[in-house]
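Engineer: Numbering (my numbering), first residue to last: 1 to 368.
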Amino acid sequence: MKDAVRIAMIEATRLTQAGRLADATDLIKSALAGVPKPADGFRLEANAGADLAVIEGDFEVVDDGNRVRDARFIHGSFANQAGTRDYKLYIPGDAVTGDRNQRRFLVVMLHGCGQDPDDFATGTRMNQLAEEQGGLVLYPAQSASANGSGCWNWFNEADQQRGQGEPSIIADLTRQVMASHGIDPGRVYVAGLSAGGAMAITLAVTYPDLYAAVGVHSGLPHAAARDMLSAVGAMRQGAIRSGWLLPSHDGAAFPVIVFHGDCDTTVNPANAAHVIAQARSHPSGIGHLSFPDGEVLLEQGRIPGGYAFTRTLYQDAEGRSTAILWMVHGAGHGWFGGSGAGSYTEPRGPDASREMLRFFAGQRLRER
């Protein structure tokens, strides 16, 4: 079955290259529907490239409310020529009281519709994990005047371009935080949920010189829609607009980790594979999507007391995972492994926040 899924993914890539996006989407749906659900107690198989001890050790359902005494979670507002957005910034305790000359990583977290930075921070537990690892977390906030539902406008063409709209606001805010808090310019990452996930990959596409890697949770590929009507279609059916075939700003691939529930009724799970394909766009030309010079590994497992999952690793010629797709079986539209104290969370899933940080730790911005 694993070989069948891998073959289906390769064929879906070929269909995508040929511009047959609807056929590719149907094939992906069919392949995912045929993936068996591991039995209770099943653990990851001893696949080549699988670090079983590390993977199993972190998948605990955790609900913590701990606050570190010296840490700060500050509010601010930022404006540029494209508009104004509020934000929250988490600064870990050792960055406040320790060596202020130490270069730290930064994760930009983009909330979903109907959320705000406080809710998103609570649900994802990203602040606690950043505290453990000594990084900062930036939470831009969508304004009610820009979108009444609190969604990032990932579907507007004006908000899909470098140097304008919401991408420029978030990118310029990122640069301001980098400059004022001694951030390592090689370790800046962006992630988001749903509409925030779609905007996160737009930032990775339009600012590959700023973000070293991207995490997309229950999102859609860049430029999957051009207006609200086509956005609804992409969410329900999977991205079928040819515009999302465009490669990143400099024509290079970028590292990505993707999470999606295969029972998500808000954003079609077929979008997850489209995100992977887009992120791995080959620099040889527009629309040329491939998985060059590497392996595609499939692993299956189950979270103790939680959901089964299939993890697909796309590796380069050196055996490094440059893209990872977690498809969580039976799960819907929520942040996996999150706290029930926040909205849109699936506590019984894999720890998406920790896995994103693990993936980010292996990625550093370089000339591409």
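The beta carbon of each residue, even a glycine, is placed where N, CA and C say it ideally should be. Quick caveat: nothing in here was measured; it's all calculated off a predicted structure.
Rounded to whole angstroms, how far is the Cβ of Ser168 from the Cβ of Ala225, which I believe are closer than 8 Å?
Structural biologist: With a Cβ gap of about 19 Å, Ser168 and Ala225 do not count as contacting.
Engineer: Please report the distance separating the alpha-carbon of Gln115 from that of Asn80.
Structural biologist: Near 23 Å, if we compare the C-alpha coordinates of Asn80 and Gln115.
Engineer: Opposite Tyr139 in the DSSP bridges: which residues?
Structural biologist: Lys88
Engineer: When the distance is taken between beta carbons, is Trp154 closer than 7 Å to Phe259?
Structural biologist: Their beta carbons are not under 7 Å apart, which means Phe259 does not touch Trp154 by this criterion.
Engineer: Per DSSP, Gly76 is paired with what?
Structural biologist: Tyr87
Engineer: Kindly confirm or deny that the stretch 157 to 167 and the stretch 180 to 198 touch, where touching means at least three C-beta pairs closer than 8 Å.
Structural biologist: no
Engineer: At which residue ranges does the stretch 151 to 206 contain complete alpha helix (DSSP H) runs of 4 or more residues, listed in the order of the chain?
Structural biologist: 165 to 180 and 195 to 206
Engineer: Counting pairs of beta carbons, one from the stretch 84 to 103 and one from the stretch 130 to 143, are three or more of them closer than 8 Å?
Structural biologist: yes
Engineer: Run through the DSSP bridge pairs and tell me what Ile324 is partnered with.
Structural biologist: Ile257 and Leu313
Engineer: Starting from Arg354 and walking both ways along the alpha helix (DSSP H), at which residues does that stretch end?
Structural biologist: Ala352 to Ala361
Engineer: Can you find the residues in the same chain that come closer than 6 Å, C-beta to C-beta, to Glu355, ignoring five residues on each side of it along the sequence?
Structural biologist: none
Engineer: Over the uninterrupted beta strand (DSSP E) stretch that includes Leu298, give me the two end residues.
Structural biologist: Val296 to Arg302
Engineer: Since Pro350 and Phe309 are thought to touch, with beta carbons under 8 Å apart, how far apart are those beta carbons, to the nearest angstrom?
Structural biologist: 6 Å
Engineer: For Ala266, which residues of its own chain have a beta-carbon under 8 Å away from its beta-carbon, when the five flanking residues on both sides are left out?
Structural biologist: Per the sequence shown, the amino acid found at residue 266 is Thr instead of Ala. Taken in chain order, the residues that qualify are Ser194, Ser218, Met235, Gly332 and His333.
Engineer: Let me confirm a value: Glu166 is counted as buried when at least 16 other C-beta atoms fall within 10 Å, else exposed. Which label applies?
Structural biologist: The residue in question, Glu166, is buried, as its Cβ has 16 or more Cβ neighbours within 10 Å.
Engineer: Across which residues does DSSP place Arg69 in a beta bridge pair?
Structural biologist: In the DSSP output, where bridge partners are listed per residue, Arg69 has none listed.
Engineer: List the endpoints of the continuous beta strand (DSSP E) containing Arg104.
Structural biologist: Arg104 to Leu110
Engineer: Out of Ala272, Thr202 and Phe78, which has the shortest C-alpha to C-alpha gap to Asp172?
Structural biologist: The shortest C-alpha separation from Asp172 is found at Phe78.
Engineer: For Ala317 and Cys263, what's the separation of their Cα atoms in angstroms?
Structural biologist: 33 Å
Engineer: Can you tell me which of the three DSSP states Val214 falls into?
Structural biologist: strand
Engineer: Let's test the definition: count the other Cβ atoms within 10 Å of the Cβ of Arg366 and tell me whether it reaches 16, buried, or not, exposed.
Structural biologist: exposed
Engineer: Kindly list the residues whose CB is nearer than 8 Å to the CB of Thr122, restricted to its own chain and excluding five residues on each side of it in sequence; keep chain order.
Structural biologist: Within the same chain, Thr122 has close Cβ partners Ser339, Ala341 and Gly342.
Engineer: With the cut-off set at 7 Å, would you say Arg103 and Asp184 are in Cβ contact?
Structural biologist: yes
Engineer: Report the residue from Val328, His274 and Ala273 whose alpha carbon sits nearest the alpha carbon of Gln300.
Structural biologist: Closest by alpha carbon: Val328.
Engineer: I need the straight-line Cα distance from His274 to Val214, nearest angstrom please.
Structural biologist: 14 Å
Engineer: Looking only at its chain, what residues have a beta carbon closer than 7 Å to the beta carbon of Asn268, apart from the 5 residues adjacent to it on each side?
Structural biologist: Met235, Arg236, Gln237 and Gly238
Engineer: To which residues of the same chain is His111 closer than 6 Å at the C-beta, ignoring the five residues directly before and after it?
Structural biologist: Phe120 and Gly196
Engineer: Roughly how far, in whole angstroms, is the beta-carbon of Gln363 from the beta-carbon of Ala212, given that I think they are within contact range, below 8 Å?
Structural biologist: Right, the Cβ-Cβ distance comes to about 5 Å (below 8 Å), so this counts as a contact.
Engineer: I need the DSSP call for Thr345, collapsed to helix, strand or coil.
Structural biologist: strand
Engineer: By the three-class DSSP mapping on this structure, what secondary structure does Leu308 have?
Structural biologist: In the sequence under discussion, the amino acid at residue 308 is Ala, which differs from the Leu named in the question. Ala308: strand per DSSP, three-state reduction.
Engineer: Within 10 Å of its beta-carbon, does His222 have 16 or more other beta-carbons around it, so buried, or fewer, so exposed?
Structural biologist: buried
Engineer: Mapping the DSSP letters down to three states, classify His333 as helix, strand or coil.
Structural biologist: coil
Engineer: So, at 7 Å on beta carbons, what are the nonlocal neighbours of Trp335 in its own chain, with the 5 sequence-adjacent residues on each side left out?
Structural biologist: Gly123, Thr124, Leu193, His217, Tyr344, Thr345, Glu346 and Ala352.
Engineer: Is the beta carbon of Asp70 less than 7 Å from the beta carbon of Val96?
Structural biologist: yes
Engineer: Does the distance from the C-beta atom of Ala323 to that of Ala277 stay below 7 Å?
Structural biologist: no
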